[in-house]
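Have a look at the structure below before the remarks.
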DNA sequence: AAATAAATTTAGACAAATCTAAAAATATTT
DNA sequence: AAATATTTTTAGATTTGTCTAAATTTATTT
Ligand SMILES: [Mn+2]
Ligand SMILES: [Mn+2]
Ligand SMILES: [Mn+2]
Ligand SMILES: [Mn+2]
């Protein structure tokens, strides 16, 4: 079964929305896709005939097993291309997403297999998100947001939630990158901000808003 | 000005057809694109409003200066991706074309600039075809088909016209690849076949049909 | 110079993905 | 349990790229 780029983008969006919520609505998906709810309904009917979603009118929808597999294969492509752009072509992580959004629709499976090997079978993309293997298997790691790291503990930065240029600018300023080890000195109850210490750099304070977007392994 | 993948495929086809003929017809282009002449007429009207072709109904068409530049930028992308697939991912030259046919439509110019540098600014693709530089400039080399190589002269294989798996199979059998040096021992007038000698391999005879598809530098 | 053939264009239709506006179903308030 | 609000779906258009069939223009024969 082949899918258009548009169908693939819908499938991926449904998958991502299903991760955080236990049911996805037509309105929510239309917001995510920047389309109108009426267009979503049309697409759901189409994806139902292709057995990608379970869908009954007015009763909601969800990915089928095949839909889930398809979503993971698109995400695999997306993240492998992001890794390529970052590791081989030297792009920053705030630049890779839009290019990967196009590259993920290149059809050849053999290309992806070889790209994966060429890159050394990376487990995580430049944002720290896991890259599904060729069977769609994702290596899950235990992560906590920086706001949850206990005082006096050392943690390793493992991924970022907000992947905007503005976030990258802040992280660069704080000398924080994926893999950076940091110690959480103290937590200020008033505003939820935290003081962290990295290596040779002086300790600095990070707002709760930023800390919430940084994931760590302990 | 942005273009759809379909428009880009038409632009590229017009460019390639114009190389060998001095005027391209609606029927010829429709054959090249595997569409009907009526569809070509529709597309020509569209490309005219975008100032990509000069076109007057019933009077023929040709690429404008902007159309030519656009064609060269698509061909540059196509051939750089082919080079990537061949040199970095180890694909054979009969496998790269269909993937490059999709990859050439990835929009980012910065991606292509960096890919070009990553690959070491190659001048020729895996088929020996020249890769236009970022300004659309093509390095032209003097080539002759193997049928035109003088007797007793040594030549270097520089490109292949027919790029099918069947052709690759034959070339592999003859130990011929791009860059291979060969001496033309003799030419048989009866059927136009030629006897060639490569290094340590015994001399062999190549049919005119094959020889016509092999280009060499002298 | 007609007649005929070939190439090209127009007219009208269709599938994909979108939209707006209206209708229908479901959920929430009173 | 009505009334009202929200969500979702349908109906009917629009755009892009394609098609078939018919009309028009240009080219080639007789
Ligand atoms: Mn995409
Ligand atoms: Mn990512
Ligand atoms: Mn193409
Ligand atoms: Mn090529």
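Chains as they are written, first to last, in the working numbering: chain U, 15 to 232; chain D, 15 to 232.
Ideal Cβ placement from N, Cα and C applies to all residues, glycine included.
What did DSSP end up calling residue 148 of chain U once you bin it into helix, strand or coil? coil
Should residue 222 of chain D be counted as a contact of ligand 2 given a C-beta to heavy atom distance under 7 Å? no
List, in order along the chain, the chain U residues whose C-beta lies closer than 7 Å to that of residue 102 of chain D? 132, listed in chain order.
Please look up how many angstroms separate the CB atoms of residue 82 of chain U and residue 47 of chain U, rounded, as I've assumed it's under 8 Å. Not confirmed; about 18 Å, so no contact.
What is the residue span of the alpha helix (DSSP H) that residue 80 of chain D lies within? 79 to 101
Just to check, is the beta-carbon of residue 187 of chain U closer than 7 Å to a non-hydrogen atom of ligand 5? The model on display carries ligand 1, ligand 2, ligand 3 and ligand 4 but not ligand 5.
Could you check what DSSP says for residue 138 of chain U in three-state terms: helix, strand or coil? strand
Around the C-beta of residue 18 of chain D, are 16 or more other C-beta atoms found within 10 angstroms, so that it is buried, or is it exposed? exposed
Check residue 165 of chain D in the structure and name its three-state DSSP category. For residue 165 of chain D, the three-state secondary structure derived from DSSP is coil.
Can you look up residue 198 of chain U in the DSSP assignment and give me helix, strand or coil? Note: residue 198 of chain U maps to strand in three-state DSSP.
Which residues count as close to ligand 2 when the rule is a CB under 6 Å from any of its heavy atoms, in chain order? U/93, U/96, U/139, U/141, U/143
Whole angstroms is fine: what's the gap from residue 225 of chain D's alpha carbon to residue 28 of chain D's? Using only the alpha carbons, I get a separation of about 27 Å.
Name the DSSP beta bridge partners of residue 38 of chain D, please? D/75
Proximal chain U residues relative to residue 117 of chain D, where beta-carbon distance stays under 7 Å: 120
My assumption, with CB atoms under 8 Å, is that residue 114 of chain D sits in contact with residue 96 of chain D. Please give the rounded CB distance. For residue 114 of chain D against residue 96 of chain D, the beta-carbon gap comes to about 5 Å, under 8 Å, which counts as contact.
Just verifying my parser: in three-state terms, what is the DSSP assignment at residue 20 of chain U? helix
My guess is that residue 146 of chain U and residue 137 of chain U are in contact by the Cβ rule of under 8 Å, so how many angstroms apart are they, rounded? Here residue 146 of chain U is actually not in contact with residue 137 of chain U; their C-beta atoms are around 10 Å apart, not less than 8 Å.
Using the Cβ count rule (16 or more neighbours within 10 Å means buried), how would you classify residue 210 of chain D? By the C-beta density criterion, residue 210 of chain D is buried, having at least 16 other C-beta atoms within 10 angstroms.
Give a yes or no on whether 8 Å exceeds the smallest Cβ distance from residue 129 of chain D to chain U. yes
For a contact meaning CB atoms closer than 9 Å, what does residue 113 of chain D contact in chain U? 120, 121, 122, 124, 125
How far does the beta strand (DSSP E) with residue 219 of chain D in it extend, from its first residue to its last? 218 to 220
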